[in-house]
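Structure first, commentary second.
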Amino acid sequence: MSLLRFTLFSARIYHFILNFFIFLLLLRLVDPRNVHIWELKSHSHYNHRVHNDGNHVSRPNPSINADYGLYNPYNITILDVLSFGAMGDGTSDDSKVAFLATWAAACKVESAIFEVPSEFRFLIGPLTFRGPCEPGLVLKIDGTIVAPSNLDDWPESGLFTWINFKFLQNFKVTGTGSIDGQGSAWWDVPLFQSNQSVGNSTNNPKMKPTAVRFYESFNLSIGDITIENSPSIHLKFDNCGGVLVTNLTVSSPGNSPNTDGIHLQNSQDVEVEYSSIACGDDCISIQTGCSNVCIHDVQCGPGHGISIGALGKDNSLACVSNITVQNITLQDTAYGARIKTWQGGLGSVESVFFSDIQVTNVKVPITIDQFYCDKRVCHNQTDAVSVANVGFNRISGTFTSQAIHLACSDSTPCIDISIGEVNLAPSAGVRKIKPTLCWNSYGEMQAPVFPTSIDCLETSNPFKMINKLNSTQFTC
């Protein structure tokens, strides 16, 4: 009898230990970050959709693969713009009634998702989505947002920016949808010039709107969506910090004027990665006030390449530092890696490194141009934004006009320039190319460099000019 009791007791101990280890194993297999508890409030704005025919249908539980994880992934509130009165038919104006109302509600809730659902087309005019908001706000765009296609539908106050985000923190934009600026109506219209004779020019716009702008916002993540056909710049960050752009698609024709892909100004700690940009101007433009910027794994073309500048316009002070551009593919672009400054500017560009860049049919792959001018005539001026500690390394492929163009200021030389492991050849069928130019540029070439004719940097000691430079330039 005692033996039987001992056997039963041993069996219970065995099953207890076995179940305990199974429990521990399950705990390891279940990642709590992937468990989402969706908070669907009883208010009618949260738990149903209103279709265009006026019928109310039950709102299905959302299926979102992304782990937003900014604050509280276990208690997320979803606000659908359709439930706030949006029509989503592409012709009704959904701006103020629906989009601003949805934003006002989402902004007040921690870890809220402002949802723009798929299979709908939402027409909105110029809008400003203003913070501050509760942390963890996500704008999820799965449908299509379109701008007015008729220029007469744009108020003059909305010509600066179409979709404007201001004063936000810990904000994310994601989804599978698109933002379409319908910019073709703008591209052939010249801007109004006050010095022109009165006539048709008075009907021309004074500016063309940027599609999406972030102003004075921090800890931002923008990814997975498409921004296309902007009247002007597609995506701008102004006075922002802690920015991640990932898996973004920018698309507009190569002949669409001034349609930069991503424009950075006065922004720090920015990373742009795994994105594809096709536009009619700089794929990425880095302006004054930018530092600690990393751009990698980006496809560019058509467009004007990856550019720093133009800096120093109208004798202004410009400061750019700590820029890294690597693992870039450029095809059918006007430029590759480029720094451009106006004559007469002040300040500096320093610690800029371009590396691992593949070019195909690029007009000029490597450029420093301190005589930049977008007008017919620009007057010669002595002052210049200084350029120092710049590297161009592991750049290979084909060009259509000139392999290297380094045109540095007569009074302010480019110093500490490094060019190495470069292999550039004319594109097939190109018979006439310009010789490499290295004007007033100092540094060293690091082998291998092909063809050898591009080895044109000056290696003499420019210390006298550097001392003069340091005594005359404003410090950034």
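So the sequence shown is numbered by the numbering used here: it starts at 872 and just counts up by one. For each residue, glycine too, the CB sits at the ideal point set by N, CA and C.
Alpha-carbon spacing of residue i relative to residue j, whole angstroms
i: F1242; j: D1152; result: 18 Å
i: V1248; j: E1099; result: 33 Å
i: C1279; j: Y1086; result: 33 Å
i: G1094; j: Q1317; result: 37 Å
i: L1022; j: N1264; result: 45 Å
i: I1157; j: F1108; result: 10 Å
i: K1043; j: I1012; result: 11 Å
i: C1357; j: K1077; result: In the structure displayed, the chain extends from 872 to 1347; residue 1357 sits before or after that span and is not available.
i: D868; j: D960; result: This structure does not reach residue 868, given that the chain is present from 872 up to 1347, and the question cannot be answered.
i: P1061; j: K1246; result: 15 Å
i: K1079; j: S1028; result: 11 Å
i: T948; j: I984; result: 6 Å
i: I1288; j: D1024; result: 50 Å
i: T1346; j: G1176; result: 28 Å
i: G1262; j: A1296; result: 20 Å
i: I1237; j: G1180; result: 14 Å
i: K1303; j: I1275; result: 15 Å
i: P1026; j: G996; result: 9 Å
i: L1010; j: T962; result: 22 Å
i: P1319; j: Q1136; result: 35 Å
i: S1178; j: L1008; result: 32 Å
i: G1112; j: F1036; result: 14 Å
i: I1325; j: Q1197; result: 21 Å
i: I1290; j: L1277; result: 11 Å
i: T1323; j: G1046; result: 48 Å
i: C978; j: N946; result: 15 Å
Spatial neighbours of residue i in its chain, beta-carbon cut-off 8 Å, leaving aside the 5 residues before and after
i: T1330; result: Y1313, G1314, E1315
i: G1048; result: V987, S989, I1012, D1013, G1014, T1015, I1016, I1096, T1097
i: P1128; result: W1058, G1151, D1152
Beta-carbon proximity list for residue i, same chain, < 6 Å, skipping 5 on both sides
i: S1282; result: T1253
i: I1199; result: V1169, I1228
i: A976; result: L950
i: E1144; result: T1117, H1167, D1168
i: I1148; result: V1121, G1132, C1154, C1171
i: C1327; result: T1307, C1309
i: A1189; result: T1159, L1182, G1183, G1216, G1218, V1256
i: T1130; result: S1101, S1123, C1150, G1151, D1152
i: S1092; result: K1043, L1115
i: S1298; result: N1232, T1269, T1271
i: F1321; result: N1294
i: W974; result: F1000
i: H1134; result: I1104, K1107, S1156
i: C1165; result: E1142, T1195
Pair within 7 Å by beta-carbon distance, residue i and residue j
i: S1272; j: V1235; result: yes
i: V952; j: A969; result: yes
i: T1081; j: I1104; result: yes
i: S1146; j: S1192; result: no
i: S1020; j: A1056; result: yes
i: V1223; j: I1239; result: no
i: V1233; j: T1204; result: yes
i: V1141; j: V1114; result: yes
i: G1054; j: S1101; result: yes
i: S966; j: L998; result: yes
i: Q1040; j: N1090; result: yes
i: A957; j: F993; result: yes
i: I1266; j: V1293; result: yes
i: N1311; j: P1284; result: yes
i: G1125; j: P1173; result: yes
Beta-carbon contacts of residue i that lie in its chain and below 7 Å, excluding the five residues immediately before and after
i: F1038; result: R1001, G1002, P1003, E1087, S1088
i: K1305; result: S1272, Q1273
i: N1110; result: Y1086, E1087, N1137, S1138
Check: residue i C-beta below 6 Å from any heavy atom of the ligand SAM
i: S966; result: Looking at this structure, you won't find the ligand SAM or any other ligand, since it has none at all.
Test: residue i CB closer than 7 Å to a CB of chain D
i: D1059; result: Among the chains in the structure shown there is no chain D, since it carries only a single protein chain.
Is the number of C-beta pairs between the segment 1252-1259 and the segment 1224-1237 that are closer than 8 Å three or more? The answer is no - the segment 1224-1237 does not touch the segment 1252-1259, with fewer than three Cβ pairs under 8 Å.
Is the segment 1204-1214 close to the segment 1173-1189, with three or more CB pairs under 8 Å? Yes: the two stretches touch, three or more of their Cβ pairs being nearer than 8 Å.
How about the segment 1025-1033 and the segment 1002-1012: do they share at least three Cβ pairs that are nearer than 8 Å? No contact exists between the segment 1025-1033 and the segment 1002-1012.
Where are the beta strand (DSSP E) runs, 3 residues long or more, that stay fully inside the segment 1066-1124, in chain order? Within the segment 1066-1124, the complete beta strand (DSSP E) runs of at least 3 residues are 1081-1086, 1089-1094, 1097-1099, 1106-1109, 1112-1117, 1120-1122.
What are the complete beta strand (DSSP E) segments, minimum 3 residues, inside the segment 1119-1205? Listed in chain order, they are 1120-1122, 1133-1136, 1139-1149, 1155-1157, 1161-1171, 1177-1182, 1188-1202.
3-residue-minimum beta strand (DSSP E) runs that sit fully inside the segment 938-1013, ordered along the chain: Within the segment 938-1013, the complete beta strand (DSSP E) runs of at least 3 residues are 947-951, 960-964, 983-987, 992-994, 998-1001, 1008-1012.
My parser needs the beta strand (DSSP E) runs of 3 or more residues fully inside the segment 1034-1062; what are they? Assignment of beta strand (DSSP E) within the segment 1034-1062, counting only whole runs of 3 or more residues, yields 1040-1045, 1049-1051 in chain order.
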